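The next block holds one structure in the form of structure tokens; read it before the comments.
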Amino acid sequence: MARVPSLRRRLLTILAVPLALAWIGSGALIYVLALHYANLNFDRSLVETARALERMAHSDAGSEALSPQVRILMESETDDPTWYSVRSLQHGVLAANRDLPLPATPPATGAAPRLESVTVDGQSLRMASLALHDAAADATIIISVAEGLRARRALAREILVGALPVVLLLIAIVLALVWVGVSRGLRLLDPLVEQLEQRRARDLAPLDQDKVPSEIRPLTQTIDALLQRLRTLLELQERFIADAAHQLRTPLAGLRLQAERALADPRPESVRAALAHVERLSAGAGRAAGQLLTLARTQAGEHPAFTRVDLAHLARDYVAERVPDALSQHIDLGYEGRHTGAVVQGDAVMLREALVNLVDNALNHAGEHGSVTVSVAQELRTVVVAVEDSGPGVAEQWWPRLGERFFRPPEAARVGSGLGLAIVLRIAERHGGTLGFAHGHNGRGLRAIVRLPAS
Ligand SMILES: Nc1ncnc2c1ncn2[C@@H]1O[C@H](COP(=O)(O)OP(=O)(O)OP(=O)(O)O)[C@@H](O)[C@H]1O
Ligand SMILES: [Mg+2]
Numbered sequence: 000m001a002r003v004p005s006l007r008r009r010l011l012t013i014l015a016v017p018l019a020l021a022w023i024g025s026g027a028l029i030y031v032l033a034l035h036y037a038n039l040n041f042d043r044s045l046v047e048t049a050r051a052l053e054r055m056a057h058s059d060a061g062s063e064a065l066s067p068q069v070r071i072l073m074e075s076e077t078d079d080p081t082w083y084s085v086r087s088l089q090h091g092v093l094a095a096n097r098d099l100p101l102p103a104t105p106p107a108t109g110a111a112p113r114l115e116s117v118t119v120d121g122q123s124l125r126m127a128s129l130a131l132h133d134a135a136a137d138a139t140i141i142i143s144v145a146e147g148l149r150a151r152r153a154l155a156r157e158i159l160v161g162a163l164p165v166v167l168l169l170i171a172i173v174l175a176l177v178w179v180g181v182s183r184g185l186r187l188l189d190p191l192v193e194q195l196e197q198r199r200a201r202d203l204a205p206l207d208q209d210k211v212p213s214e215i216r217p218l219t220q221t222i223d224a225l226l227q228r229l230r231t232l233l234e235l236q237e238r239f240i241a242d243a244a245h246q247l248r249t250p251l252a253g254l255r256l257q258a259e260r261a262l263a264d265p266r267p268e269s270v271r272a273a274l275a276h277v278e279r280l281s282a283g284a285g286r287a288a289g290q291l292l293t294l295a296r297t298q299a300g301e302h303p304a305f306t307r308v309d310l311a312h313l314a315r316d317y318v319a320e321r322v323p324d325a326l327s328q329h330i331d332l333g334y335e336g337r338h339t340g341a342v343v344q345g346d347a348v349m350l351r352e353a354l355v356n357l358v359d360n361a362l363n364h365a366g367e368h369g370s371v372t373v374s375v376a377q378e379l380r381t382v383v384v385a386v387e388d389s390g391p392g393v394a395e396q397w398w399p400r401l402g403e404r405f406f407r408p409p410e411a412a413r414v415g416s417g418l419g420l421a422i423v424l425r426i427a428e429r430h431g432g433t434l435g436f437a438h439g440h441n442g443r444g445l446r447a448i449v450r451l452p453a454s
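If you read the sequence shown in numbering that gives the first Met the number 0, its first letter stands for residue 0, the second for the next number, and so on.
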């Protein structure tokens with residue numbers, strides 16, 4: 000089973016490596032600092048020892064050996080023994096418990112002791128040296144005191160061992176604060192949760208973004224966008240239901256009227272007449288229902304899967320299909336333009352539906368012995384599909400309103416459901432195109448023009 004993602008776990012894993020590195024880094028830093036200060040301290044006492052030796056040496060200057068006092072001072076330390084050497088530059092070593100090297104640069108007589116690091120027999124030592132003048136023997140005496148580094152390192156290590164757990168404790172406190180901080184931080188979301196909880200199902204108003212922490216805004220904005228889409232969808236659905244009810248009420252009332260008429264007058268010819276009405280009305284209702292469904296489909300929220308559609312090919316095929324239909328109405332239906340190659344990105348089923356509606360209109364209005372011409376052309380980056388008929392056309396003032404649902408020019412006969420051009424307009428818009436109108440050939444009839452971006 001997949002683990003539920005957790006902010007806490009995420010944060011802690013993000014922090015784990017840097018904190019571990021910080022722990023190691025601070026350990027190194029503490030050790031370096033501790034060693035530095037240990038060095039300062041030990042160097043100071045080394046200088047003190049050199050000075051003490053200088054004071055005592057003054058009294059025994061020139062003698063072969065140091066006083067027993069000095070010996071005890073120097074040799075009593077067992078942990079990190081202190082080495083010394085007293086040398087006359089003229090007479091050689093006077094006293095020493097180890098063969099210490101001469102300082103790299105001889106110190107000036109009476110100056111402060113000089114400190115340096117030396118290596119003797121492979122052992123690293125710190126050495127303090129000073130020079131004094133022995134007036135009795137007229138000689139320069141160099142006193143050097145040295146000690147190993149073990150004690151300094153031991154001290155630094157001790158400090159390190161004492162400090163590391165403290166740093167570790169601090170890190171643990173940081174992690175605990177992160178743990179608690181996440182819960183406390185997430186409480187900022189409570190108002191949002193409350194806002195959503197208190198909503199009623201149909202309340203799709205945007206969220207109150209003022210109460211939302213800025214980090215969460217992208218999420219709430221996405222939710223808002225979703226709510227907006229739901230609102231549109233719901234409005235469409237409501238409109239569809241209202242439209243459907245409206246569309247069905249009229250033919251249903253008509254059907255009832257015809258049925259009553261037939262029942263009231265059972266003569267065969269009136270029953271026949273009533274049945275003819277019933278047939279016409281139910282066909283109209285059926286068509287209206289079909290048109291409503293098509294309109295609903297073209298308005299559906301999600302984007303249809305577009306493919307390459309060759310409109311020339313599609314239109315030519317469709318015209319061929321409708322020729323018998325046109326012939327039965329004595330209408331000359333023809334196709335003009337290229338045979339293939341006017342390609343758009345689109346939904347072939349929808350585009351065909353648009354063509355069906357335009358050709359239906361044209362055939363309905365062309366009039367007996369009229370003509371209908373479908374043409375497809377490509378103008379630069381636009382594919383133009385036009386359906387023209389030789390009928391009475393539509394007064395120019397109504398063109399802008401053709402495409403509204405249920406709109407019919409006032410003078411028009413009430414034949415269809417009034418949804419065809421609305422469907423065409425929606426389909427054109429979904430394909431990034433437009434629907435326009437013009438007068439037909441010689442100013443007669445209507446020319447409906449769909450422009451679509453070429454692929
Ligand atoms: N080629 C045309 N010539 C004259 N009038 C037209 C033409 N096309 C459309 N109209 C007018 O525009 C109106 C709206 O057309 P539309 O296609 O939207 O609806 P409809 O044809 O009445 O119904 P439906 O197509 O849904 O069955 C029509 O009723 C008709 O009056
Ligand atoms: Mg129509």
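Yeah, the Cβ is synthetic: ideal placement off N, Cα and C, and Gly gets one too. For clarity, every value in this text was computed on a predicted model and none was experimentally measured.
A distance below 7 Å between beta-carbons, with the five flanking residues on each side excluded, links Leu101 to the following residues of its chain, in chain order: Ile141.
Assignment of Ser143 by DSSP, reduced to helix, strand and coil, places it in the strand class. Straight-line spacing of the CA atoms in Leu124 and Pro106 works out to 18 Å.
Look at Thr12 here: in three-state DSSP terms it is helix. Per DSSP, the beta-bridge partners of Phe436 are Ala447. For Asp309, the closest of Val343, Arg86, Asn40 and Tyr334 by C-alpha to C-alpha distance is Val343. With a cutoff of 7 Å, Gly419 counts as near ligand 2, since its C-beta is closer than that to a heavy atom of the ligand.
The beta carbon of Asp359 sits closer than 7 Å to at least one heavy atom of ligand 2. Shown here, Glu367 sits in coil according to DSSP, grouped into three states, outside any helix or strand.
In this structure, the CA atom of Ala111 is about 35 Å from the CA atom of Ala162. Counting along the chain, Ser87 sits inside the beta strand (DSSP E) bounded by residues Thr81 to Ser87. Residue range Val342 to Gly345 is occupied by the beta strand (DSSP E) that includes Gln344.
In the DSSP annotation of this structure, the continuous segment of the alpha helix (DSSP H) that includes Arg279 starts and ends at Pro267 to Gln298. Going by beta carbons, Val117 and Leu52 fall outside the 8 Å limit. For Arg201, the secondary structure class from DSSP, reduced to helix, strand or coil, is coil.
Here Gly369 is not near His438, since their CB atoms are 8 Å or more apart.
Within a 10 Å sphere around the beta-carbon of Asn356 sit 16 or more other beta-carbons, which makes this residue buried.
The continuous stretches of beta strand (DSSP E) do not include Thr249, which lies in the alpha helix (DSSP H) extending over residues Arg216 to Ala263. Nearest in C-alpha terms to Ser44, of all of Leu114, Leu225, Lys210 and Arg248, is Leu114. When distances are taken from the beta-carbon of Asn356 to the heavy atoms of ligand 1, the shortest one is below 7 Å. Our two residues, Gln89 and Val119, have alpha carbons roughly 23 Å apart in a direct line. Per DSSP, the unbroken alpha helix (DSSP H) holding Gln194 starts and ends at Asp189 to Glu196.
Rounded to whole angstroms, the Cβ separation of Gly345 and His430 is 5 Å, and the two are in contact under 8 Å. Going by C-alpha positions, Gly402 is about 52 Å away from Leu6. Relative to the non-hydrogen atoms of ligand 2, the Cβ of Gly366 never comes closer than 7 Å to any of them.
Exclusion of the five residues before and after Ala127 leaves Leu45, Val46, Ala49, Pro112, Leu114 and Val144 as the residues of its chain whose Cβ lies within less than 6 Å of its Cβ. Excluding five sequence positions before and after Gly417, the CB atoms of its chain that fall closer than 8 Å to its own CB belong to Arg404, Phe405, Phe406 and Arg407, given in chain order. Judged by DSSP secondary structure, Arg113 falls outside any alpha helix (DSSP H) and instead within the beta strand (DSSP E) spanning Arg113 to Val119. Among the bridge pairs identified by DSSP, Arg307 is matched with Gln344. With contacts defined as CB atoms closer than 8 Å, Leu188 and Ile222 fail to qualify as a contacting pair.
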